[in-house]
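Residue numbers (our numbering), protein chains in the order written: chain A, 9 to 347; chain B, 9 to 347.
Glycine is no exception: its CB is placed at the ideal position from the N, C-alpha and C atoms.
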């Protein structure tokens, strides 16, 4: 029996159909997820391999997907280095004790990932593989710069002013923090690969707030440092707003690249060449009528080409997304006939 | 006497020093502005030419700037077509009765701009020119697509889901709205040019949420339609997140282009060629130490070159920006020596 579609696509092999999964495929847009969340907090889901495994299964039971992605949260790394994260309703993650100085930075620890709550992600992957050895599962982690954003700012932000202030007034401390985060992120990714993930995605959600010069100085080296610790599975790099860095993404050392919906994937192919690309439908397009969804899916599949492509959204699915839109998207990937 | 620096830079002429102004230069980061706002609401400032003129002067009294920009708000056009806008503290603009259907769209009107509150902007420009005939003043307007975003969504949004739903389920109504807004925006810009503005900027703040295909279908034609009505002064196009569209910006028909700080301005020059570019320092860089600000300003000036450049931020100045950062930036533009 041949390897699963996504495994072959990540190796750049010819595949009979483009594989499909999508970011946040286990989440609030599904009624079964909301039902579970009415009883269990988000953090408790992330702290139990059994519950995380149950949630990981939910979209697989509902849709014809080609991969699972482990249910977890990028901010577990923040907890592992020594800062508590709270999820306040409607506000997103909050870190009440953000790191703003060299002295603050000294209070962080360098954990052994197997001895922290980070272990839950690998345990979930192992548990999942016991019940569904036929279904490939992906692991993931937040990128060092994105984690640094939360650690310094203390939550989401429009401008991340506190983050940039530290980068430019005390670049040495910023660099120490990035090094620490990169090492933990790399070990966390490697642990998931060793648990059996067929690929591990690194989410640099906020790197797009940086100018190209600052991206090369802060975000890029920390990704390189993290990925240098991963050898067990192919890695997928993702940044929102990655249009300004497209021609430099190969420097990250990742094996595959997620593409923002604001980039034409045909253009990304021309710039990045014959490497696996992942994406890139506008998540809001799932609110469109089915015909329009089909047209958009087929346009992306045609532009990306028959090899080196994993279909996905360009960003996470939104909580109010209609199920019918998700169904139409996945159906369109399955029904696509290559020219 | 030769024309002012900014006038010559907008014509593409050689200038002895790159001119500088910056987006939101009249605003909350200044104590004199906050003092005035403690007595007068934002909307009342926009509704009085005398008060708007007073605010327009504030940054000119404080810094060595090369242009004023009329104090006004892009959402005055929303009021002119028939929807009330409220500014709720900490929430930004709110339109309580957003347009979500063809029936809603029918309730809008096509105003004569000289008979609405839009007139205040032109009156402010005339008043300013009477007291400072030596200082060039810029006009501005919101772009049709950005105004459509507020009109449909009813305020700011992370995803603008309601906007995209209307674009894709009822493109005909969306197009009628864009046509209406484009005509009013164009007339509003032309009125400011006729009042004596030396240039008029069109802000398409939200166009960057669109995929390139959707940008070409919705944002681009509406800008073209608006700018076709402007003949009295050079036009400057600005979009946040414009990296994906850089190679298509010339299609807008604008005379000059604002550049996002996430784009290297040397790269923008290579793509856009020998046209006036405006930008592009990260607004958050104004929190950096003076030496770092100087380094960044000089780097941008060197990369943009001695002609066809107007120094600016890549987005509006933030309300908490230190005055010393603004001073360091402007000083660095004045002290720059060309290689």
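query, result
"Once the 5 residues before and after residue 102 of chain B are set aside, which same chain residues still bring their CB inside 8 Å of it?", "93, 94, 95, 96, 162, 163"
"What are the boundary residues of the alpha helix (DSSP H) that residue 87 of chain A is part of?", "84–88"
"Kindly indicate if chain A contains any beta-carbon less than 8 Å away from that of residue 219 of chain B.", "yes"
"Check whether the stretch 186–194 of chain B and the stretch 264–278 of chain A touch, using three or more Cβ-Cβ pairs below 8 Å as the test.", "no"
"Touching or not, the stretch 282–299 of chain A and the stretch 318–331 of chain A, by the rule of three or more beta carbon pairs under 8 Å?", "yes"
"For residue 333 of chain B, is the classification buried or exposed, using 16 other Cβ atoms within 10 angstroms of its Cβ as the cut-off for buried?", "buried"
"Taking its Cβ as the centre, do 16 or more other Cβ atoms sit within 10 Å of residue 201 of chain A, making it buried, or is it exposed?", "buried"
"Who are the near neighbours of residue 59 of chain B in its chain, counting only those whose CB is closer than 6 Å to its CB and skipping five residues on each side?", "53"
"Is it true that the CB of residue 74 of chain A sits closer than 8 Å to the CB of residue 13 of chain A?", "yes"
"Measure the alpha-carbon distance for residue 89 of chain A versus residue 189 of chain A and round it to whole angstroms.", "8 Å"
"Considering only the beta carbon of each residue, do residue 25 of chain B and residue 342 of chain B sit closer than 8 Å?", "yes"
"According to DSSP, simplified to helix, strand and coil, what is residue 328 of chain B?", "coil"
"Can you name, in chain order, every residue of its own chain whose Cβ lies under 6 Å from the Cβ of residue 170 of chain B, other than the five neighbours on each side?", "160, 161"
"When the distance is taken between beta carbons, is residue 284 of chain B closer than 8 Å to residue 250 of chain B?", "no"
"When the cut-off is 8 Å and only beta carbons count, does residue 252 of chain B lie next to chain A?", "yes"
"So, is residue 220 of chain B buried or exposed, given that buried needs 16 or more other C-beta atoms within 10 angstroms?", "buried"
"Near residue 308 of chain A, which residues of its chain fall below 8 Å by C-beta distance, leaving aside the five closest residues on each side in sequence?", "273, 287, 288, 289, 319"
"Does the Cβ of residue 180 of chain A have 16 or more other Cβ atoms within 10 Å, making it buried, or fewer, making it exposed?", "exposed"
"Are any of the Cβ atoms in chain B nearer than 8 Å to that of residue 102 of chain A?", "no"
"Could you tell me how far apart the beta carbons of residue 64 of chain B and residue 78 of chain B are, in whole angstroms, since I believe they sit closer than 8 Å?", "6 Å"
"What does residue 158 of chain B reach in chain A if we use C-beta pairs closer than 7 Å?", "Within chain A, no residue comes near residue 158 of chain B; the closest Cβ sits about 17 Å away, beyond 7 Å."
"Taking residue 330 of chain A as the reference, which of A/20, A/22, A/35, A/28 has the closest Cα?", "A/35"
"Please report whether the beta-carbon of residue 181 of chain A lies at a distance below 8 Å from any beta-carbon of chain B.", "no"
"Kindly give me the distance between the Cβ atoms of residue 210 of chain B and residue 177 of chain B, rounded to whole angstroms, as I take these residues to be in contact under 8 Å.", "The Cβ separation is near 27 Å, so there is no contact."
"Let me confirm a value: residue 304 of chain B is counted as buried when at least 16 other C-beta atoms fall within 10 Å, else exposed. Which label applies?", "buried"
"Report the neighbours of residue 29 of chain A on chain B: residues whose CB is nearer than 9 Å to its CB, in chain order.", "Residues of chain B passing the Cβ test: none, with the nearest at roughly 20 Å."
"Got a sec: is the Cβ-Cβ distance from residue 216 of chain A to anything in chain B below 8 Å?", "yes"
"Taking 8 Å as the CB-CB limit, is residue 259 of chain B close to chain A?", "no"
"Comparing the C-beta of residue 300 of chain A with each C-beta of chain B, is any distance below 8 Å?", "yes"
"Should residue 245 of chain A be labelled buried (16 or more other beta-carbon atoms within 10 Å of its own) or exposed?", "buried"
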